[in-house]
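Quick note on numbering: the UniProt record's numbering labels position 389 of the first sequence as 389, and the sequence is numbered without any gaps.
Glycine included, C-beta positions come from ideal geometry on N, C-alpha and C.
Since the structure is predicted, the reported quantities are computational estimates derived from the model, not experimental observations.
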Amino acid sequence: MNAPSPNLLGSLLELAVSTHSTLLGRAVHALILRTHDIPLSSFLCNHLVNMYSKLDRLNSAELLLSLTNPRTVVTWTSLISGCVHNRRFTSAFLHFSNMRRESVLPNDFTFPCVFKASGSLHMPFTGKQLHALALKGGNILDVFVGCSAFDMYSKTGLRVEARNMFEEMPHRNLATWNAYISNAVQDGRCLDAVAAFKKFLCVGGEPNAITFCVFLNACADMVSLELGIQVHGFIVRSRYREDVSVSNGLIDFYGKCGDIVSSEMVFSRIGCGRRNVVSWCSMLAALVQNHEEERACTVFLKAREEVEPTDFMISSVLSACAELGGLELGRSVHALAVRACVEENLFVGSALVDLYGKCGSIEKAEQVFREMPEKNLVTWNAMIGGYAHLGDVDMALSLFEEMSSFGIAPNYVTLVSVLSACSRAGAVERGLHIFESMRGRYGIEPGAEHYACIVDLLGRSGLVDRAYEFIKRMPILPTISVWGALLGSCKMHGKTKLGKIAAEKLFQLDPDDSGNHVVFSNMLASAGRWEEATIVRKEMRDIGIKKNVGYSWVAVKNRVHVFQAKDSSHEKNSEIQAMLAKLRGEMKKAGYVPDTNLSLFDLEEEEKASEVWYHSEKIALAFGLIALPHGMPIRITKNLRICADCHSAIKFISKIVGREIIVRDNNRFHHFKNGWCSCKDYWGLGADVPFTSMGILRQLVLLGSSALDGGIAYFLVVEGGQLLMMSQQGVLIQGWEMCRKCFMGNSAAAASELYQGVSSKDRINQQLEWLWMIQSWKRWRGSI
DNA sequence: TTAGGGTTAG
1 MNAPSPNLLG SLLELAVSTH STLLGRAVHA LILRTHDIPL SSFLCNHLVN
51 MYSKLDRLNS AELLLSLTNP RTVVTWTSLI SGCVHNRRFT SAFLHFSNMR
101 RESVLPNDFT FPCVFKASGS LHMPFTGKQL HALALKGGNI LDVFVGCSAF
151 DMYSKTGLRV EARNMFEEMP HRNLATWNAY ISNAVQDGRC LDAVAAFKKF
201 LCVGGEPNAI TFCVFLNACA DMVSLELGIQ VHGFIVRSRY REDVSVSNGL
251 IDFYGKCGDI VSSEMVFSRI GCGRRNVVSW CSMLAALVQN HEEERACTVF
301 LKAREEVEPT DFMISSVLSA CAELGGLELG RSVHALAVRA CVEENLFVGS
351 ALVDLYGKCG SIEKAEQVFR EMPEKNLVTW NAMIGGYAHL GDVDMALSLF
401 EEMSSFGIAP NYVTLVSVLS ACSRAGAVER GLHIFESMRG RYGIEPGAEH
451 YACIVDLLGR SGLVDRAYEF IKRMPILPTI SVWGALLGSC KMHGKTKLGK
501 IAAEKLFQLD PDDSGNHVVF SNMLASAGRW EEATIVRKEM RDIGIKKNVG
551 YSWVAVKNRV HVFQAKDSSH EKNSEIQAML AKLRGEMKKA GYVPDTNLSL
601 FDLEEEEKAS EVWYHSEKIA LAFGLIALPH GMPIRITKNL RICADCHSAI
651 KFISKIVGRE IIVRDNNRFH HFKNGWCSCK DYWGLGADVP FTSMGILRQL
701 VLLGSSALDG GIAYFLVVEG GQLLMMSQQG VLIQGWEMCR KCFMGNSAAA
751 ASELYQGVSS KDRINQQLEW LWMIQSWKRW RGSI
């Protein structure tokens, strides 16, 4: 056999790089060693160094470099560029200085790499030294070098140097202008970006896909829908009409401007064949940004049919889950993250901490937080927010201190969490102290959310009048949340007169919200002012505000059982009623008195007691007690807030039956155990907006814990009251029994059928999947 | 005849 030519081998190594295949790279390396004499030529060595460093196999690349003779600037630049490519900027500098130690001079290819490294590491002084070196060698005149130096100055915040660099450039090309516009946008100088774009067009420049994307970002940041629409028109007339990345930029732009309909239009225009993972992510992010979390989850499930999940996609959908309180879907997405090896990603990790914190699984949030190799402010905020959610002021404050000891400065969001933790825990003095030191100590101007926290803090602790005085002295206009906090406190402490003031402000600011009307009428009702309460209810009806219908549901085996108030339609109704009667007797003995304040009509006491007694969450709980094995926690979900009576009743029941009961309402989680609730009797005073429609109930995704064990996610989808199982690609698994068999390890055929729905890009991937499968099965068997 | 700049999503 003739030895393959160096050119052919070089091309094969390039192929290995472009397909991210270390396997191919190593195979070609082996072929080279078999067919070529040692020492290898510099040409082949350079290719090998490049291949290994691009594929992030730095040890191999360094070893190859040490064997290369002579080592030229090409050898070194191959290694350095690979480091930069894999964001190993410090290694890039290490090799750069090793190169200089061998007296090898950097060239026009080396400088862009090291400029990028210093820009990314925010090292302006190193950047300046490099600039001096590039001036001395004359490399700065090169358009690539000049552009990357300009980019470095922009990214390290040296605006004057950046501008000088741009103005002194002998040549500018499309990339230079793109870099200019992009940095202007990132710097918040959007008008400058627009001016540059116009100037670029004036000097006869022809924009490309990147120019459009970057420019659309400027439009989105200025929320200039009009300008963006003009650019859209421009794009439609250009040859970038069909360009996927430009379309993705448009989806993002419309999403940021709140025009979700246009985002969807652009998305659907791309079509199935051409849309890529970024298209899906942009669409997903646009929905999340516009608070369409349920649709975002649906889009995510559809995206899974076409593309492999990325860290971007997973973190976006996790934030949708967190907003919805969708612990089950969130857990299955966590499993996907493990499988996709992105669970350590900064954004994914932060989103997981946020999800578990918001869903009340604080131990899980702590675990993810502790295990994250890298944290940023968002991560810390998510964890502090988790403690705030629980009302654990001590943990929230100690983490806040710890964060400062790591040299991380808090921001607006951090202080909202810290203050809300104080208010939930009734830590009035500490809360006020932190609020007063916001400007001086942390340099943060208090915003509406901070004021709302303080109103809540004062009001909740009974200082309702002081809270009102505080509002009157506010330097900014009080928002819905500020008045909402006051109304809630008034209801809590029976301050009807002040409550009326707050309610009237709320009706002005947010006339369509049913929650405010409900809280107000309930406040009047609990003060015995039934006539006025009835008037508010009538007003609500007259202007067409309806109180949302409450549902509670509980999952038992492979079915979700949904209940409404006074529901008697369930097939086990007689057993449910018997259970309720039994509980009622035992609770009465334990000292339970029905809290009828929240039953909404002017009824006799006896009738009111029975109204609250038949709330949907109590019926769901009674059913759970009948249907779920003893010792198993009962998880109930409710689309509205849990009422005070049910909250008190479930505390009693948790002690009587010795069971853990977890109720997830539209606002938060309640973890009942031995007569106590994790919320410490606080569950927010927010509006009574249902967190989920019945639509999502059908889409509700549940997940058995076994799936998390092996990092394999199956979606259990509720459809028509039946639980169905779906693979990650959205393929329906026929028969729950088969899946069970598969986990029992009884049927290899069932397992392989299950796996038909899972795409395997190459054999290695498939083997890994099988490995996961076997491991999870072993772990599952070990646990029973 | 091997190495390079600007890049849409959170």
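query, result
"Chain-order list of residues whose beta-carbon lies under 6 Å from that of F369 (same chain, five-residue window excluded)", "V353 and M383"
"Rounded straight-line distance, which links the Cα of T414 to that of G515", "27 Å"
"Residue range of the unbroken alpha helix (DSSP H) whose run includes I229", "L225 to R237"
"Through-space distance from A193 to A184, alpha-carbon basis", "5 Å"
"Test item: CB-CB of F312 and C281 under 8 Å", "yes"
"Three-way DSSP call (helix, strand, coil) for T637 in this model", "strand"
"Whether L498 touches Y468 by CB criterion (8 Å)", "yes"
"Nearest to L329 (by Cα), restricted to the options E293, F115 and P629", "E293"
"Short Cβ contact (8 Å threshold) for V214 with S182", "yes"
"Under 8 Å between C-beta atoms of T22 and L55", "yes"
"Supposed contact pair V49 and A61 - C-beta distance, whole angstroms, cut 8 Å", "5 Å"
"Contacting residues, own chain, Cβ-Cβ under 7 Å from D259 (five flanking each side not counted)", "L225"
"Proximity winner among A627, Q186 and N178, relative to residue 828 (alpha-carbon distances)", "A question about residue 828 goes unanswered here, because the residues of the chain that appear run from 1 up to 784."
"Alpha-carbon spacing of Q367 relative to I408, whole angstroms", "21 Å"
"Cβ-Cβ separation, T68 to T75 (assumed contact under 8 Å), whole Å", "5 Å"
"Beta-carbon proximity list for A322, same chain, < 6 Å, skipping 5 on both sides", "D354, L355 and K358"
"Own chain partners of S148 with C-beta closer than 7 Å, once the 5 adjacent residues on each side are dropped", "F111, P112, F115 and K116"
"Same chain only: Cβ atoms within 8 Å of R763, ignoring 5 sequence neighbours per side", "With a pLDDT of only 32 at R763, under the threshold of 50, the placement of this residue in the model should not be trusted; the figure read from the coordinates follows. Nothing listed; no residue qualifies."
"Beta-carbon proximity of F652 to A590, cut-off 8 Å", "yes"
"Distance between V556 and W736 (C-alpha atoms, nearest Å)", "Legend: pLDDT at W736 = 35, less than 50; position of this residue unreliable, no value from coordinates given."
"Length of the line joining the Cα atoms of N573 and N290", "41 Å"
"Sub-8 Å separation of S417 and N381 beta-carbons", "yes"
"Chain-order list of residues whose beta-carbon lies under 7 Å from that of A396 (same chain, five-residue window excluded)", "I384, Y387, A388, S417, V418 and A421"
"Check whether I642 and L621 have beta carbons under 8 Å apart", "no"
"V562 - DSSP class collapsed to helix/strand/coil", "strand"
"Through-space distance from S489 to A527, alpha-carbon basis", "14 Å"
"Boundaries of the alpha helix (DSSP H) in which V194 is found, first to last residue", "C190 to C202"
"Cβ-heavy atom distance, D221 to the ligand MN, below 7 Å", "As presented, the structure is devoid of all ligands, the ligand MN included, so that no description of it is given."
"Start and end residues, beta strand (DSSP E) containing S268", "Not the beta strand (DSSP E): S268 falls in the alpha helix (DSSP H), residues I260 to I270."
"Where the alpha helix (DSSP H) containing R159 begins and where it ends", "R159 to E168"
"DSSP-derived helix/strand/coil call for W770", "Its pLDDT being 38, under 50, W770 is placed unreliably in this model, and the value from its coordinates should be taken loosely. Reduced to three states, the DSSP call for W770 is helix."
"L487 beta carbon less than 8 Å from that of A503", "yes"
"Proximity below 8 Å, CB of L327 to CB of S361", "yes"
"Nonlocal neighbours in the same chain, by C-beta distance under 7 Å from H493, ignoring five residues either side", "G462 and V464"
"Under 8 Å between C-beta atoms of M165 and Y153", "yes"
"Simplified DSSP state of A581, which is helix, strand or coil", "helix"
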